[in-house]
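Listed in order, the protein sequences are those of chains A and B.
Residue numbering for the first sequence follows this note's numbering, beginning at 1 and increasing consecutively.
Residue numbering for the second sequence follows this note's numbering, beginning at 1 and increasing consecutively.
Idealized CB from N, CA, C, for every residue including glycine.
From a predicted model like this one, the values you see are computed outputs, not experimental measurements.
Report on one structure; see the data block that follows.
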Amino acid sequence: MEDGTIEQASAPLVELSDIEKNYESGPDVVRALRDVNLTIRRGELVAIVGASGSGKSTLMNVLGCLDRPTRGTYRLAGIDVTRRSSDERALVRNRLIGFVFQGFNLLARTSALENVELPLVYRGVSRTERRRRAERALGQVGLSERTGHTPSQLSGGQQQRVAIARALVTEPPLLLADEPTGNLDTRTSIEILAILQRLVFEQGITLALVTHEPDIAECATRIVTVRDGRISEDVEYRSIRDVRSTEGTRASA
Amino acid sequence: MTRWITALRLGALALSRARLRSALTVLGFLVGIASVVIVVALGQGASGSIGGRIESLGSNVVYVFDQPQALSGARKARGATGGLRDADAEAIRREAGSVSDVTVYSSMDTRVTTSFANARTSVVGTDLFYFPVRGFELSAGRLWTRAEERAKARVCLIGPSAAVKLFGSADPVGRSVRIGRHPYTVIGTLVGKGQSPFGQDQDDRLMMPIGTWRAHVSPTLGGRVHLIMASARGFERADAAVHDIESVLRQRHRVPDGAEADFVVRSQEQFREMQERIVRVLALLLLSVAAISLFVGGVGVMNIMLVTVTERRREIGIRMALGAEPRDIQAQFLVEAVALTAMGGALGFLVALGLVTALKRGLGWSMEIGLPAVLVAGGTSLLVGILFGFLPARRAALVEPMEALRHE
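Okay, structure coming up:
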């Protein structure tokens, strides 16, 4: 897997075909995903919604190469990543995917800058280059002034912005956000969503956003609903709603 | 390479964040390394010194010890023939062909007074043959004469340690010491011989003619002596000398063929073998103690690393999600374990160095810390770190990022 092949790929960014995922839970087999077929083009902002236990987190893990499907194939940026070794999946995650989690998942007692540098450490980028790129990424999320702060010195919204900068710093084609606003209040949530939207519209990043809140899902160009391990609905919107206008509607309501 | 540099940096960071825990683990491991270093130091010191000490006995010396038969059960009283006597020494001199010189030796620890001090020392009664047999020499003054020997003159020689104890820095020659009721004149000082293979200071003594000793120091011993020493005619005849002396004495003591004798004859070579056996056993014992403490220390490191891995599952998950390969994670935790044992090793080495220096100065033990000790300490630390760090590191590498990240 070389950078060249990734750049050349003109195929859809994400292609899931006939994905099935089973877990063994004691004597029972939990069928977390069944017959999942999903294609995401570059530049889309897809919300994956569903109740808890619907299988949306499993779908997210498969998308993020954190978990392997039991059956089916997954092509990411034209590369079949379905049955890769854990080392190869680590490489895929490092090169092609940026993660934003509900719980922020920053390293404690580690400065914002160092947190953002982390994916570059595993890519073997030189120290000065790491620093330069991490500072730029923090600038993109408006945290240039707080590079030396540790997570405990930052608010929830600021921590999530550090996490977004960390996901961005490798310039991945795919950004996965798992309930990115789940731990945040409404005002901060809107702030974070605005940043994510801007990344999609201004930088052409593809974003898959997992959420159970319809409000949040509304900011996407496409909403994929997962129910009982299947995709039950897949609706595309011609134009998307800017979250800033969402804020406006809420204020007037 | 970058993998290991990164791992090193991360390991140092993680350890500095859990200082107390790291310090305690290091402490546990330190004991193991310290004992290993001490074992090595002892081994080295012993092999160097046994040879030297055995030589200090004299050249080709054969010892005859009295061995009372109480242990072998009821046996008729030996009466006038019991124990070792002057006459036995005479007989050996006459009849044992492979023996050149024979001497007798009796000693008693007693209190000795001078105008300077008052101290316990060993008072030895012997004859003039003692000096060539045991290789003792004078550093000043003179030996006693045959006439003085016959006359039981109250003269004595003094060893350097006893001289310091009894006279301080003053010259003992010509001065007088008092043992019990009698004064004796110091006529010479001995050259230092150091420790005997039995760990005694051979220089802490007064020596006088055996006749004088019997008459004034310990009149109860009669014609008996504690020891007979003989020197063989050459190193290669030591075994023959042992054999000769045995047959002379068995005859004199009327020991039936096959029965256990009431004396023991030992050559210098046999002493050396005995000593080496003792040191080997001692070293083996210490080594097993060291191995056990190393094992316990290693298990401590493994334990703490397992706890760390469990506690930092989330961190591991984050790193993996961001592209760390399992190998990177394994390297990181392996380096942490090795850093712990390396620190323990370094500190343990210093502690051992301190202890060894103290033992050498304080108790006069012969130990040596050299390159072997350094290499053994370093090698063992690394080995234990890798060995006991492997399992926790492996476990860290097998963490499923998905599960590690799934909520708190």
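Within 9 angstroms, strictly: CB atoms of residue i and residue j
{"i": "residue 63 of chain B", "j": "residue 235 of chain B", "result": "no"}
{"i": "residue 206 of chain B", "j": "residue 158 of chain B", "result": "yes"}
{"i": "residue 268 of chain B", "j": "residue 133 of chain B", "result": "no"}
{"i": "residue 208 of chain A", "j": "residue 40 of chain A", "result": "yes"}
{"i": "residue 224 of chain A", "j": "residue 55 of chain A", "result": "no"}
{"i": "residue 104 of chain B", "j": "residue 86 of chain B", "result": "yes"}
{"i": "residue 373 of chain B", "j": "residue 41 of chain B", "result": "yes"}
{"i": "residue 126 of chain B", "j": "residue 210 of chain B", "result": "yes"}
{"i": "residue 32 of chain A", "j": "residue 218 of chain A", "result": "no"}
{"i": "residue 230 of chain B", "j": "residue 92 of chain B", "result": "yes"}
{"i": "residue 212 of chain B", "j": "residue 166 of chain B", "result": "no"}
{"i": "residue 88 of chain A", "j": "residue 200 of chain A", "result": "no"}
{"i": "residue 123 of chain A", "j": "residue 143 of chain A", "result": "no"}
Chain-ordered neighbours of residue i on chain A, where CB pairs are closer than 8 angstroms
{"i": "residue 18 of chain B", "result": "By Cβ distance, chain A contributes nothing, its closest Cβ being about 11 angstroms from residue 18 of chain B, past 8 angstroms."}
Buried versus exposed, by CB contacts within 10 Å (16 or more), residue i
{"i": "residue 284 of chain B", "result": "exposed"}
{"i": "residue 88 of chain B", "result": "buried"}
{"i": "residue 139 of chain B", "result": "exposed"}
{"i": "residue 380 of chain B", "result": "buried"}
{"i": "residue 79 of chain B", "result": "Confidence is the limiting factor: at residue 79 of chain B the pLDDT is only 43, short of 50, which leaves the residue's position unreliable, though a coordinate-based value still follows. Flag for residue 79 of chain B reads exposed."}
{"i": "residue 68 of chain B", "result": "exposed"}
{"i": "residue 183 of chain B", "result": "exposed"}
{"i": "residue 65 of chain B", "result": "exposed"}
{"i": "residue 130 of chain B", "result": "buried"}
{"i": "residue 61 of chain A", "result": "buried"}
{"i": "residue 256 of chain A", "result": "No answer is possible for residue 256 of chain A: the residues shown for chain A start at 1 and end at 253."}
{"i": "residue 288 of chain B", "result": "exposed"}
{"i": "residue 193 of chain A", "result": "buried"}
{"i": "residue 223 of chain B", "result": "exposed"}
{"i": "residue 302 of chain B", "result": "buried"}
{"i": "residue 405 of chain B", "result": "buried"}
{"i": "residue 233 of chain A", "result": "exposed"}
{"i": "residue 80 of chain A", "result": "exposed"}
{"i": "residue 237 of chain A", "result": "exposed"}
{"i": "residue 315 of chain B", "result": "buried"}
{"i": "residue 118 of chain B", "result": "exposed"}
{"i": "residue 159 of chain A", "result": "buried"}
{"i": "residue 19 of chain B", "result": "exposed"}
{"i": "residue 216 of chain A", "result": "buried"}
Chain B residues whose Cβ lies nearer than 9 angstroms to that of residue i
{"i": "residue 91 of chain A", "result": "323, 325"}
{"i": "residue 45 of chain A", "result": "Per Cβ cutoff of 9 angstroms: no residues; residue 45 of chain A is ~21 angstroms from chain B at best."}
{"i": "residue 183 of chain A", "result": "Residues of chain B passing the Cβ test: none, with the nearest at roughly 11 angstroms."}
{"i": "residue 22 of chain A", "result": "The premise fails here: residue 22 of chain A is roughly 15 angstroms from chain B at the closest Cβ pair, so nothing lies under 9 angstroms."}
{"i": "residue 118 of chain A", "result": "318, 319, 322, 323, 324"}
Partner residues on chain A for residue i, Cβ-Cβ distance less than 9 angstroms
{"i": "residue 6 of chain B", "result": "121, 122, 124"}
Chain E contact for residue i (CB, 9 angstroms cutoff)
{"i": "residue 137 of chain A", "result": "The displayed structure is made up of protein chains A and B, and chain E is not among them."}
7 angstroms Cβ cut-off: residues of chain A touching residue i
{"i": "residue 315 of chain B", "result": "107"}
{"i": "residue 405 of chain B", "result": "101, 105"}
Per-residue contacts from residue i into chain B (C-beta, under 8 angstroms)
{"i": "residue 99 of chain A", "result": "321, 322"}
Interface residues of chain B facing residue i [CB-CB closer than 7 angstroms]
{"i": "residue 61 of chain A", "result": "402"}
Q) Quick one: any contact between the stretch 250-263 of chain B and the stretch 209-218 of chain B, if contact means 3 or more CB pairs under 8 angstroms? A) As far as the Cβ criterion goes, the stretch 250-263 of chain B does not touch the stretch 209-218 of chain B, which means the pair count is below three.
Q | the stretch 293-307 of chain B in contact with the stretch 20-40 of chain A per 3-pair CB rule at 8 angstroms | A | With the cut-off at 8 angstroms, the stretch 293-307 of chain B and the stretch 20-40 of chain A do not touch.
Q. What residues in the stretch 66-94 of chain A have a beta carbon less than 8 angstroms from any beta carbon of chain B?
A. Listed by position, the residues of the stretch 66-94 of chain A near chain B (Cβ gap below 8 angstroms) are 66, 67, 86, 87, 90, 91, 93, 94.
Q. What residues in the stretch 295-311 of chain B have a beta carbon less than 7 angstroms from any beta carbon of chain A?
A. Those residues of the stretch 295-311 of chain B that come within reach of chain A (Cβ to Cβ, closer than 7 angstroms) do not exist; the list is empty.
Q: Please determine if the stretch 3-19 of chain B and the stretch 349-360 of chain B are in contact, where contact requires at least 3 C-beta pairs separated by less than 8 angstroms.
A: Output reads no: the stretch 349-360 of chain B does not touch the stretch 3-19 of chain B.
**Q.** Stretch pair the stretch 109-126 of chain A + the stretch 142-153 of chain A: three plus CB contacts closer than 8 angstroms
**A.** The stretch 109-126 of chain A is in contact with the stretch 142-153 of chain A.
Q.
Below 8 angstroms, how does it come out for the stretch 93-100 of chain A and the stretch 161-178 of chain A: are there three or more Cβ pairs, yes or no?
A. The stretch 93-100 of chain A is in contact with the stretch 161-178 of chain A.
Q) Per the contact definition of three or more C-beta pairs closer than 8 angstroms, is the stretch 305-317 of chain B in contact with the stretch 329-343 of chain B? A) Remark: three or more beta-carbon pairs, one from each stretch, lie closer than 8 angstroms, so the stretch 329-343 of chain B and the stretch 305-317 of chain B are flagged as touching.
Q.
Would the stretch 312-332 of chain B count as touching the stretch 388-404 of chain B if we require 3 or more Cβ pairs under 8 angstroms?
A. By the Cβ test, the stretch 312-332 of chain B is in contact with the stretch 388-404 of chain B, since at least three Cβ pairs between them sit closer than 8 angstroms.
Q) Does the stretch 341-349 of chain B come within contact of the stretch 16-35 of chain B, defined as at least 3 CB pairs closer than 8 angstroms? A) Yes, the stretch 341-349 of chain B is in contact with the stretch 16-35 of chain B.
Q.
Does the stretch 178-191 of chain A come into contact with the stretch 22-29 of chain A, if we say contact requires no fewer than three beta-carbon pairs (one atom in each stretch) closer than 8 angstroms?
A. By the Cβ test, the stretch 178-191 of chain A is not in contact with the stretch 22-29 of chain A, since fewer than three Cβ pairs between them sit closer than 8 angstroms.
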